[in-house]
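Using our numbering, read the sequence shown as starting at 3 and increasing by one per residue. The beta-carbon is built from N, C-alpha and C at its ideal position, and this holds for glycine as well. Inspection log for the structure reproduced underneath, given as structure tokens.
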Amino acid sequence: MKDTILVNMPSKEQILEFIRECGGNVDRKDIAKYFNIKSSERIILRKILKELEKSDELYQEKKGDYTLKNMLPLYCVMQVCSVDDDAKLKALPMVWKGEGKAPKCHIENENKIRPPLGVGEKFVGKNRLSADGIIYTSPLNRVETEETKDFVGIVKFEEGKKLIYPTDKGARGRFSISPDNQIKINDGDLVLISLASDANRSQYSPMVVIKENLGKYTNAVSTGLIALAKYNIRRQFSDAITEELKTLATDFYKNRDDIRNINMVTIDGEDAKDFDDAVYAEKLSNGGYKIIVAIADVSFYVKSGSYLDVEAQKRGNSVYLPSMVVPMLPFELSNNLCSLRPNEDRPCIAVEMIISATGEKTSQRFFRCVINSKSRLTYSEVQKVIDKNIEHPQKDLINQMYDAYQLLRAKRAERGALNIEIPETKILIDDEGNVKDIIKKLGTESNQLIEEFMVLANVAAAEELIKHKVSGIFRIHEPPDAEKLKDMRPFFKSIGYKIPMDASLSPIHFNKILEFAKGKKEEPAINEIVLRMQSQAQYNEFNKGHFGLGLKNYVHFTSPIRRYSDLIVHRSLIKAFDLGNDGLTPKEASSLSAISAHISSTERTAVSAERETTNRFCAAYLSKFVDQVFDGTITGITKAGVFVKLDKTASEGLIVIESLPDDYYEIDDKTMSLKGTKRSFKFTLGDKIKVMIKETNPISGTTRLKYVDDYLGVDYPEKSDFSYQRNAGQKSRKPKLNNKSKKSRKNKRHK
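Here you go:
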């Protein structure tokens with residue numbers, strides 16, 4: 003019998019080859035199943051595997067899970083080690099049992115972790131080996147050093163104890179306060195905390211150290227501070243910067259073109275405080291237009307290597323929250339010296355562009371100048387002139403700018419720039435700092451007019467940097483990831499549209515999908531899906547084009563007050579056209595890769611902070627409407643439940659899977675729907691449904707909804723009504739969420 007068993011056993015080489023073909027990571031049961039090894043023979047298999055371990059050809063990441071010595075396990079802890087020339091992060095495994103140096107892995111799906119990963123940070127990664135031999139790792143969650151991690155909590159006095167509850171919606175539990183705490187606190191205070199070094203993680207309430215009291219959590223300011231503290235966004239300027247502001251040069255008239263006689267105007271939102279761009283358009287005799295875009299000359303005040311410059315680079319960008327602005331530059335610059343306020347002389351870097359009668363840009367010229375803005379216009383008043391032809395002191399200029407814009411808009415449509423329409427969630431805050439209303443806003447033609455003028459100027463700047471072979475920072479936007487396209491093709495096919503193969507894909511194809519959905523119930527959801535499919539725009543020292551705008555050459559030139567990338571581009575243009583001795587320095591030119599990666603990261607952080615703060619404001623506002631019913635649109639289908647965007651406010655909430663009508667649900671990837679297999683309940687992306695506000699948490703920014711059935715209202719049996727419990731010796735059934743593409747045997751048995 004023993005000889006027979008040995009004959010049926012695979013050789014060590016066969017086992018190693020099988021594990022290699024499986025990507026280097028295999029469970030012992032999978033080996034036994036593949037080689038048809040009976041249960042009575044598996045003791046011999048374990049012996050062979052132990053011998054392979056002793057010879058260092060295999061190791062166990064966990065019991066029964068074997069990995070080849072020179073290959074990474076499926077899951078392991080990784081550390082971000084560098085940023086490559088394409089601003090892509092790379093990582094090394096924290097443990098490497100192979101020969102030679104540990105392999106450098108490419109990080110994919112890095113945007114799944116918030117805040118964005120930085121060099122030196124650790125995370126749990128899921129690894130895969132591509133067909134061309136490149137190892138990719140996808141971050142699943144960040145690995146924090148608990149002793150040094152800072153987070154935000156709110157103080158609660160309960161049952162004679164002082165406790166702290168974390169504000170992050172992903173956090174659980176509560177914390178007690180270190181007896182060494184010296185910071186005065188009151189019930190309801192918002193505090194910045196870190197876990198005490200001697201905290202016992204098994205305790206019900208681990209101990210924390212209070213690092214800063216952020217004040218009473220009562221209004222909009224507190225809500226903004228949660229995000230700023232969580233993402234470590236710099237709020238204060240140093241004394242050195244304060245002193246440096248006193249020494250800034252003020253004589254900006256030398257060696258500049260004087261265009262103060264030109265009728266330049268600024269166009270911004272009603273609540274704008276800084277005005278960094280002024281515009282002008284004039285119709286020419288040949289039917290074309292002369293367009294001038296003048297941008298505040300921040301580089302005149304912020305010199306390379308100064309305290310202001312170093313701080314601006316660290317911040318990367320201004321952060322705009324519904325309740326506050328955290329500027330990249332001090333208000334003395336952003337709201338005064340570099341703000342193109344009406345009837346005040348200001349230094350600028352301008353570009354004069356000529357477009358033909360068909361909207362083609364035929365020439366461009368960059369120069370340093372002095373301007374004097376004649377009017378501070380708002381989008382709404384410009385739109386009234388466009389729509390209603392009302393009288394206005396700047397009516398003639400507005401009409402000429404609008405005519406020039408229409409030519410540019412036609413060229414935009416011709417090249418196929420993406421036409422995604424997502425309503426903006428506008429938070430309105432009263433004088434006491436409370437949310438008084440939330441409204442939806444879509445961009446008007448006056449917004450688009452300024453956008454097209456800025457795009458034209460950005461393209462001109464990119465072209466000149468390339469022409470003069472001067473280093474700079476490009477704004478790049480690569481085509482959608484192949485995996486995203488693969489995942490979404492079945493859904494688009496189900497609604498009657500086929501996405502072409504990657505090589506031939508262009509924004510025009512997405513625009514056809516958006517046009518196809520126009521006026522249909524799924525239009526808002528389709529816009530959201532197309533947006534989410536796009537790659538993350540980023541900064542890069544190498545030009546890779548802008549997919550979304552359908553442009554080969556693009557930089558950010560128009561907002562140096564609030565974006566460090568634009569300040570670098572200004573310095574590059576000064577060098578290209580020899581406009582002064584404050585152009586891009588050799589040191590900056592050699593650091594553009596690192597600068598690009600850093601400001602791409604700070605931009606993502608700002609977006610995350612804004613999104614979370616908006617969610618908190620929405621939850622605070624909706625708390626007044628608990629148990630009230632709203633119309634909404636399904637915007638997401640996940641295992642957690644159904645995400646719904648409310649039509650009135652454009653804010654989003656979740657119907658958790660347990661509160662849906664009792665059924666066995668399966669996710670249908672092809673139709674992006676959640677289907678009940680017993681009672682035919684179905685929730686599809688884009689469906690218009692009614693929901694009740696069930697619960698809100700302004701601290702974490704979560705809103706829980708309940709589905710309102712057309713016939714039963716909210717009085718239907720929920721899945722949670724049938725949770726696992728023992729009653730009178732019987733088990734009640736516990737419905738499970740099954741993923742159609744991946745049903746486990748456990749779910750099959752349960753079903």
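Range covered by the alpha helix (DSSP H) that runs through residue i
i, result
"Tyr36", "Arg30 to Tyr36"
"Cys107", "Premise fails: Cys107 lies in the beta strand (DSSP E), Cys107 to Ile109, not in any alpha helix (DSSP H)."
"Tyr309", "Tyr309 to Arg317"
"Thr616", "Leu594 to Leu624"
"Phe768", "The question about residue 768 has no answer here: the residues shown for the chain are numbered 3 through 753."
"Thr244", "Asp241 to Leu247"
"Leu54", "Arg44 to Lys56"
"Glu543", "Looking at the DSSP string, Glu543 is not in any alpha helix (DSSP H), and its letter there is neither H nor E."
"Pro509", "Pro509 to Ala519"
"Met456", "Glu447 to Lys469"
"Asp389", "Tyr381 to Lys390"
Cβ-based burial, residue i [other Cβ within 10 Å; buried from 16]
i, result
"Glu543", "buried"
"Tyr726", "Reliability of the predicted coordinates at Tyr726 is poor, the pLDDT of 35 falling under 50, and the value obtained from them is presented with this limitation in mind. Per the 10 Å Cβ criterion, exposed."
"Ala242", "exposed"
"Ile17", "buried"
"Pro118", "buried"
"Lys376", "buried"
"Gln536", "buried"
"Ser561", "buried"
"Leu430", "exposed"
"Lys49", "exposed"
"Val644", "buried"
"Ala45", "Rather than Ala, the amino acid found at residue 45 in this sequence is Ile. Exposed is the call here."
"Ser653", "buried"
"Tyr713", "exposed"
Residue from the options with nearest C-alpha to residue i
i, options, result
"Arg237", "Val304, Ser178, Ala314 and Pro663", "Ala314"
"Thr698", "Leu507, Gly655 and Thr673", "Gly655"
"Ala296", "Phe153, Asp152, Gly703 and Asn460", "Asn460"
"Asp260", "Asp347, Val210 and Asp189", "Asp347"
"Val82", "Pro75, Gly102, Val126 and Arg613", "Val126"
"Ser675", "Asp483, Val28 and Phe494", "Phe494"
"Leu74", "Lys14, Lys90, Lys124 and Ile136", "Ile136"
"Glu160", "Glu466, Ser178 and Asn143", "Ser178"
"Ile109", "Ser301, Pro118, Val472 and Lys90", "Lys90"
"Ser702", "Cys620, Thr640 and Lys469", "Cys620"
"Asn436", "Asp633, Ala415 and Thr225", "Thr225"
"Asp273", "Ile293, Leu379 and Leu216", "Leu379"
"Trp98", "Lys428, Pro332, Tyr77 and Ala464", "Tyr77"
"Ile293", "Ala484, Leu451 and Thr244", "Leu451"
"Ile2", "Tyr566, Ser592 and Val631", "Any property of residue 2 remains undetermined from this structure, which presents the chain solely from 3 to 753."
"Ile1", "Val571, Ile531 and Ser603", "Given that the chain is displayed from residue 3 to residue 753, the structure contains no residue 1 and the question cannot be resolved."
"Lys488", "Asn345, Phe476, Asn374 and Ile501", "Ile501"
"Lys397", "Gly175, Val387 and Ala406", "Val387"
"Ile691", "Arg30, Ile636 and Gly102", "Ile636"
"Lys650", "Ile424, Lys248, Val384 and Lys442", "Lys442"
Boundaries (first-last residue) of the beta strand (DSSP E) holding residue i
i, result
"Lys495", "Segment Ala484 to Ser496 is the alpha helix (DSSP H) holding Lys495; no beta strand (DSSP E) there."
"Met535", "That residue, Met535, is in no beta strand (DSSP E); its alpha helix (DSSP H) goes Glu525 to Met535."
"Ile659", "It is not in any beta strand (DSSP E) - Ile659 carries neither H nor E in the DSSP assignment."
"Ser306", "First-last for Ser306: undefined, no H or E at that position."
"Leu648", "Gly643 to Leu648"
"Glu480", "No beta strand (DSSP E) contains Glu480, which DSSP labels as neither H nor E."
"Leu94", "Leu91 to Pro95"
"Pro349", "Asp347 to Ile357"
"Ser365", "Lys363 to Asn374"
"Asp279", "Asp279 to Lys285"
"Met326", "Met326 to Val328"
Exercise for the section: Counting only runs of 3+ residues fully inside the stretch 689-728, write out the beta strand (DSSP E) ranges in chain order. Expected result: Fully enclosed beta strand (DSSP E) runs of 3 or longer: 690-699 and 704-710.
Handout entry: Those runs of the beta strand (DSSP E) which lie wholly inside the stretch 392-443 and span at least 3 residues
Key = Within the stretch 392-443, the beta strand (DSSP E) runs of at least 3 residues that lie entirely inside it are, in chain order, 426-431 and 437-443.
Handout entry: Any 3 or more C-beta pairs closer than 8 Å across the stretch 276-291 and the stretch 303-310
Key = The stretch 276-291 is not in contact with the stretch 303-310.
Handout entry: Runs of alpha helix (DSSP H) lying entirely within the stretch 154-236, each at least 4 residues, in chain order
Key = Listed in chain order, they are 222-232.
Practice task
Scan the stretch 556-580 and note each continuous alpha helix (DSSP H) run of 4 residues or more that stays entirely inside, going in chain order.
Solution key: Scanning the stretch 556-580 for uninterrupted alpha helix (DSSP H) segments of 4 residues or longer gives 566-578, listed from N- to C-terminal end.
Exercise for the section: Count the C-beta pairs between the stretch 347-357 and the stretch 365-372 that are closer than 8 Å, then say yes if the count reaches three, no if not. Expected result: Touching, yes, given that three or more Cβ pairs across the two stretches are closer than 8 Å.
Handout entry: Touch test, the stretch 546-558 against the stretch 506-521, Cβ-Cβ under 8 Å, three pairs minimum
Key = Yes: at least three Cβ pairs fall under 8 Å.
Practice task
Would you check if there are 3 or more beta carbon pairs closer than 8 Å linking the stretch 662-675 to the stretch 565-584?
Solution key: In short, these stretches do not touch, since the Cβ pair count stays below three.
Practice task
Could you tell me whether the stretch 613-632 touches the stretch 671-691, where touching means 3 or more Cβ pairs closer than 8 Å?
Solution key: Contact check between the stretch 613-632 and the stretch 671-691: fewer than three CB pairs, one atom from each, fall below 8 Å, which does not count as touching.
Exercise for the section: Check whether the stretch 212-222 touches the stretch 177-193, counting contact only when three or more Cβ pairs, one atom from each stretch, lie closer than 8 Å. Expected result: Counting Cβ pairs under 8 Å, three or more are found: they touch.
Handout entry: the stretch 316-327 / the stretch 378-395 touching (three or more Cβ pairs under 8 Å)
Key = Counting Cβ pairs under 8 Å, fewer than three are found: no touch.
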